[in-house]
Structure formats: C-alpha cells, structure tokens
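Here is the structure we will look at.
There are 2 protein chains.
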Amino acid sequence: MTFQKRAYKILELLEKFGEVEIRQLAAEINVSEVTVRRDLTAMAANGLLYRTHGGAMKISEVIKPVSFVNKAGVNIKAKDAICKRAAADIIDGDVIFIDCGSTAFRLCQFIKNKKIKVITNSLPVVNELLDSAVTINLIGGEVDATRQAVHGTTAYEHIARYRASKAFLGVDGITVEGLYAGSEHEASNTLAMALQSDCVYILCDARKVGKTSYLKFNDLSLVNILVTDYNNPDVTEFETKGISVLSVTV
Amino acid sequence: MTFQKRAYKILELLEKFGEVEIRQLAAEINVSEVTVRRDLTAMAANGLLYRTHGGAMKISEVIKPVSFVNKAGVNIKAKDAICKRAAADIIDGDVIFIDCGSTAFRLCQFIKNKKIKVITNSLPVVNELLDSAVTINLIGGEVDATRQAVHGTTAYEHIARYRASKAFLGVDGITVEGLYAGSEHEASNTLAMALQSDCVYILCDARKVGKTSYLKFNDLSLVNILVTDYNNPDVTEFETKGISVLSVTV
DNA sequence: TTTAATTCGATCAAAAATAATCATAAAAAA
DNA sequence: TTTTTTATGATTATTTTTGATCGAATTAAA
Numbered sequence: 001m002t003f004q005k006r007a008y009k010i011l012e013l014l015e016k017f018g019e020v021e022i023r024q025l026a027a028e029i030n031v032s033e034v035t036v037r038r039d040l041t042a043m044a045a046n047g048l049l050y051r052t053h054g055g056a057m058k059i060s061e062v063i064k065p066v067s068f069v070n071k072a073g074v075n076i077k078a079k080d081a082i083c084k085r086a087a088a089d090i091i092d093g094d095v096i097f098i099d100c101g102s103t104a105f106r107l108c109q110f111i112k113n114k115k116i117k118v119i120t121n122s123l124p125v126v127n128e129l130l131d132s133a134v135t136i137n138l139i140g141g142e143v144d145a146t147r148q149a150v151h152g153t154t155a156y157e158h159i160a161r162y163r164a165s166k167a168f169l170g171v172d173g174i175t176v177e178g179l180y181a182g183s184e185h186e187a188s189n190t191l192a193m194a195l196q197s198d199c200v201y202i203l204c205d206a207r208k209v210g211k212t213s214y215l216k217f218n219d220l221s222l223v224n225i226l227v228t229d230y231n232n233p234d235v236t237e238f239e240t241k242g243i244s245v246l247s248v249t250v
Numbered sequence: 001m002t003f004q005k006r007a008y009k010i011l012e013l014l015e016k017f018g019e020v021e022i023r024q025l026a027a028e029i030n031v032s033e034v035t036v037r038r039d040l041t042a043m044a045a046n047g048l049l050y051r052t053h054g055g056a057m058k059i060s061e062v063i064k065p066v067s068f069v070n071k072a073g074v075n076i077k078a079k080d081a082i083c084k085r086a087a088a089d090i091i092d093g094d095v096i097f098i099d100c101g102s103t104a105f106r107l108c109q110f111i112k113n114k115k116i117k118v119i120t121n122s123l124p125v126v127n128e129l130l131d132s133a134v135t136i137n138l139i140g141g142e143v144d145a146t147r148q149a150v151h152g153t154t155a156y157e158h159i160a161r162y163r164a165s166k167a168f169l170g171v172d173g174i175t176v177e178g179l180y181a182g183s184e185h186e187a188s189n190t191l192a193m194a195l196q197s198d199c200v201y202i203l204c205d206a207r208k209v210g211k212t213s214y215l216k217f218n219d220l221s222l223v224n225i226l227v228t229d230y231n232n233p234d235v236t237e238f239e240t241k242g243i244s245v246l247s248v249t250v
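These protein sequence lines are chains B and S, in that order. Under full-length UniProt numbering, the first residue of the first sequence is numbered 1, with each subsequent residue one higher. Under full-length UniProt numbering, the first residue of the second sequence is numbered 1, with each subsequent residue one higher.
Encoded structure:
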C-alpha cells in the first residue's frame, strides 16, 4: 500500500466523518500508527487536512475558504437567459473578455467546461472559474473594493496587450445614440476590452435598453451583437445600425 | 518489444486498474523490473503517469498538490508571531510587496488599519484586504488555480514596473548558502519582487531555516532582514552574511 | 495544581525499492 | 563489413519506507 493510496483513503474517511483518529485510521488501512502519523503530517504540510492531537480534521471546517461574491442579484432570470444564449456562441479555443458587471458574471456558470481562455478584471469571475476547465488571465492594476474589480491605467495597458476573439460586456444603458456607463472607470474598461476584440457582445437586460445614463462613452459602431430580453419592435433600429440582435425570452 | 509498445501496454493497464505495481508490469510485459522502472521514469517525465514507490498511478487519481488556503493551517502560531513582528516595521506611506505564500498571508491581519499600498499576486491576500484601509494593487497575468495566485511572464513584467519600500516574502528553505523555492514559479515571483524593493524581509518559520528544497534560486545577498522563530546560536551565521535577524518566540 | 495517560517527535534498524555501474546484446551508422 | 550507439539485464550501493522504541510534550483527570 503506497502513500498515495493511503492518502486517498484518509481523505475519503475524512470526507465521511469530518474528523478521524489515528487509531481508527491505522486499523482501517492496516498500517502502524507511526505510519499514519507520518502520513497526516505530510498531508497537513500540503494542506490536505488539519492536524489535531490524535487525529485530523477536514480543512473546510477549520479555515474559511476564499470567496469573492457578486452581490448584484437584480433581475437574475433575465440575465441568466441572456448569458445562456451568449454562451452558446462560445466555442473551444476562443479567447474572451468578460467585464466586471453583474450581468457578465452570470456567464461563468455556462462556460465552466469549455476549453477557452478568459481575460477579466473581475474578482468574482476569477473566483467562479478557478476550479474549471477555463484558463484565466487576470488583468492587473489597482483594486476597486466596491466593484471587486481591477481598474486604472495599468489595467487598461494590460488589456491592450491582449487580443480576443470575443468580448462579453455589460453597459449601464444603450440607445441608438450610443453606449452609456455609470462611471469613467467602467467606460474606460469596456472601451479597452471592446477595442481588442474581433466581436463585441453587449449583454443587456430590458431595463437598460433605450435608457441613457451618466456618461455616453461611445457610439454603436463599437458593438457587433446585442443580447437582450428586450422584445420590442424597436430592436430593428439597432439592426439598421449594423448590430445583430439576439432576443431571448425569460 | 519496443519502448513504444511497452508504454502503450502500461497505459492500458493503468487505465484499467488506476494503479500498477512494477512486479506486475514486469511479469505482464515479460521484461525485467529494471526496464519497467526505466519506462515509468521516462513516462512520468512526460507527464503520462504519476510515479509512486513501487509502481505508478493514473494522473487523475493523484490528489491535487498544494492548495493554498490549506497550507495556511500549518504552524499558524509561529507564522502569526513572525508576521506580527514584521508588521511592526510597516509604517503609513509604505508601499509593500506581499507574495503568495501561506506565511506572508498571515501578515494581512496585522496591517488592515495601516495607510499603505500593497502590491500582491495572491488572491487570498486581496480578499483579506478588500475591506480595509489598505490600497491594493493586484499583479496581472495567468491565474494558477492551485496556488490561487497570478504567475507568468506578464506578472513578472508587471512587478518590474513598480517600486516598493519593503517586500515580505516567504521561501521554502533558507541556509547560509542561499534561498530555496519549491517551484520555478515561486522562485521567479520572489526574485522579481525582491529586486524591486528597498528592503527585503524573509518570513520563515523554524522548520524552513537551515533546510534546502527543490530549487536554489539566489544567494543571501538578496535579503536584508530575516524574521523567524528559529532561536538558535546559528543565526549569527546569517548575521555575518549581512542579514539582520529578528527572532520571535512562539 | 499535580498526576496519569496519551500522543508526539526523534532515532534506529530492517526490508523494499531505487539509482548507479557495468557488461552484453541488438540496432544503427560509418 | 566494422564501428558506434542504444537498449537491456545483472549486480551493487544508496535511498526510501516502514515499524519499533523511548524520552518529551500534550491532554485529561484527580
């Protein structure tokens, strides 16, 4: 019985009971207590479990895992429907930008098993995709705590170094006149990502279509595809401006 | 029977059983154990299987290496004592590097109320300092999921753009001969941060002092201050090399 | 607090597995 | 063909793994 196999067994028992005693393990695996003790020490050093006097505990019950949480829970159904449709366009081998909005965040759940590269400035996105098939490239720069995202000059320069096949971006408002953002930061970031992408998707639920906001940062020429649940004849206005509209129903 | 044929057979058996013993393989393929051993070594080097003592395992069966959160569970008392001492040296206005090791992570709790800038490649550090007085600059680049940190060429270039007054770094081992790391990534990162800092602190609990590891990546000239709980006359050896040793008791 | 019982870490020894060395056989190159 | 290189197996030295033992440290009980 090799160390690797014992480690497996130990983790299995740990998962089952939450905690285990050395005597119990020694009997179960059929090795001496000294060996079990050595195994536990090694595994604790590798962070696979938490060592206690006389045994071990599951790590999750001792230390809280790292987690960035995306709080924005508004209009989730619509956002999920939009993102599901958008995800259908993502194929293996794609390199995509995902911005730090609450809409684009919902995209994560649909792309976990795709073999793609994701470039993002959003900490919740990184956290969500950490244990997935996706390769993550995180934009560097100053961290904005309220948005849980990276912004600033360094960040935009970082974005400019990469080239993606698709960008999935949210906006604060979109009309035939152009794109609106809620802050300079958001605008700069959206713009930087869009400029480095072959195909720009705007993910935008119905509330924001036809609405303006604080800052108009670009006209519609930046956009290739608009994914929305806004089912209204007006969408033809966008199409005449050269934008493909993907309508979804909630 | 050529190597290629044997390799195929070995992978086949591995797929079937998940693990194999050398004796078993030698009998099955009808070659000596020495040859099997050589085959396994070669195949392991190419990442086709995981070598164990006495045999081999399927890669997927092997327990994932160091997950970062967990490693924080080892020797916490010593690490906290070390970090508390180190934090006493940090003053308002400082710009500091914090690396992605489990020791340096413990520093966060002591600096939350300081008016400083922290530059880091560690996601847990970012998470821990998100709601604090600290301004965070996150290194950008490829995300290493197991370490929950950012690494790669882009990351090291990002580091080179900044200049800090102090760097707080962990190592896998330190002797009078030099500094040791557990991987190329860790070494590159530590080195990059150290080179951009006016004063380099090595945070190192007693277990790692006097110990060597996988990779020696630099001599001691890189280091200015060693903070450790290693209370032994031998520390004078480091001091003769020009390093200030800050000893703490647990 | 003191005492007794565990548990731990260090050291040692035996067994197994590995790495290193060498000689031979097979294959490739000259 | 001869020479050189490569692959294999045998042999020996080294390393790793495991279990036993004992003093020190830790926990639980009195």
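Even for Gly, the Cβ is constructed at its ideal location relative to N, Cα and C.
Contact set between residue i and chain S, taken where Cβ atoms lie within less than 7 angstroms
| i | result |
| --- | --- |
| Asp131 of chain B | Ala145 |
| residue 263 of chain B | Since the displayed chain B opens at 1 and closes at 250, residue 263 of chain B lies outside it and no answer follows. |
Buried versus exposed, by CB contacts within 10 Å (16 or more), residue i
| i | result |
| --- | --- |
| Ile59 of chain S | exposed |
| Asn137 of chain S | buried |
| Tyr180 of chain S | buried |
| Gly18 of chain B | exposed |
| Gln4 of chain S | exposed |
| residue 251 of chain B | The structure shown has nothing for residue 251 of chain B, since chain B only spans 1 to 250. |
| Ile76 of chain B | exposed |
| Asp198 of chain B | exposed |
| Asp39 of chain B | buried |
| Ile119 of chain B | buried |
| Val227 of chain B | buried |
| Gly54 of chain B | exposed |
| Val134 of chain B | buried |
| Arg6 of chain B | buried |
| Thr41 of chain B | exposed |
Rounded straight-line distance, which links the Cα of residue j to that of residue i
| i | j | result |
| --- | --- | --- |
| Asp229 of chain S | Ala164 of chain S | 26 angstroms |
| Ile96 of chain S | Leu215 of chain S | 25 angstroms |
| Val20 of chain S | Lys9 of chain B | 17 angstroms |
| Asn113 of chain B | Glu157 of chain B | 29 angstroms |
| Gly152 of chain B | Glu128 of chain S | 21 angstroms |
| Ser221 of chain S | Ser244 of chain S | 12 angstroms |
| Leu25 of chain B | Tyr50 of chain S | 25 angstroms |
| Met1 of chain B | Met43 of chain B | 16 angstroms |
| Asp80 of chain B | Val176 of chain B | 24 angstroms |
| Val31 of chain S | Leu13 of chain B | 38 angstroms |
| Leu191 of chain B | Phe217 of chain B | 8 angstroms |
| Lys64 of chain S | Glu15 of chain B | Caution applies to Lys64 of chain S, whose pLDDT of 46 falls short of 50 and renders its modelled position unreliable; the value that the coordinates give is listed next. Answer to the nearest angstrom: the Cα atoms are 16 angstroms apart. |
| Ile82 of chain S | Asp94 of chain S | 19 angstroms |
| Val34 of chain B | Ala167 of chain S | 40 angstroms |
| Val209 of chain B | Gly173 of chain S | 58 angstroms |
| Leu130 of chain S | Ala145 of chain B | 6 angstroms |
| Ala56 of chain B | Gly140 of chain B | 38 angstroms |
| Val171 of chain S | Asn46 of chain S | 28 angstroms |
| Ala149 of chain B | Cys100 of chain B | 6 angstroms |
| Lys84 of chain B | Gly182 of chain B | 25 angstroms |
| Asn121 of chain S | Glu237 of chain B | 45 angstroms |
| Leu203 of chain B | Thr103 of chain B | 7 angstroms |
| Ser188 of chain S | Val143 of chain S | 15 angstroms |
| Tyr201 of chain B | Leu107 of chain B | 12 angstroms |
| Ile225 of chain S | Leu246 of chain S | 7 angstroms |
| residue 256 of chain B | Arg147 of chain S | Absent from the structure is residue 256 of chain B, since the part of chain B shown begins at 1 and ends at 250. |
| Thr52 of chain B | Leu48 of chain S | 36 angstroms |
Interface residues of chain B facing residue i [CB-CB closer than 8 angstroms]
| i | result |
| --- | --- |
| Val150 of chain S | Leu138, Gly140 |
Give, in chain order, every residue of the UniProt domain "HTH deoR-type" (3-58) of chain B whose Cβ lies closer than 9 angstroms to some Cβ of chain S.
Result list: Phe3, Gln4, Lys5, Ala7, Tyr8, Leu11, Met43, Ala44, Ala45, Asn46, Gly47, Leu48, Leu49, Tyr50, Arg51.
Where the region 99-133 of chain B meets chain S: residues whose CB sits under 8 angstroms from a CB there
Residues of the region 99-133 of chain B that bring their beta carbon within less than 8 angstroms of a beta carbon in chain S comprise Leu123, Val126, Asn127, Leu130, Asp131, in sequence order.
Any contact of the region 233-242 of chain S with the region 113-122 of chain S, i.e. 3+ C-beta pairs under 8 angstroms?
No contact exists between the region 233-242 of chain S and the region 113-122 of chain S.
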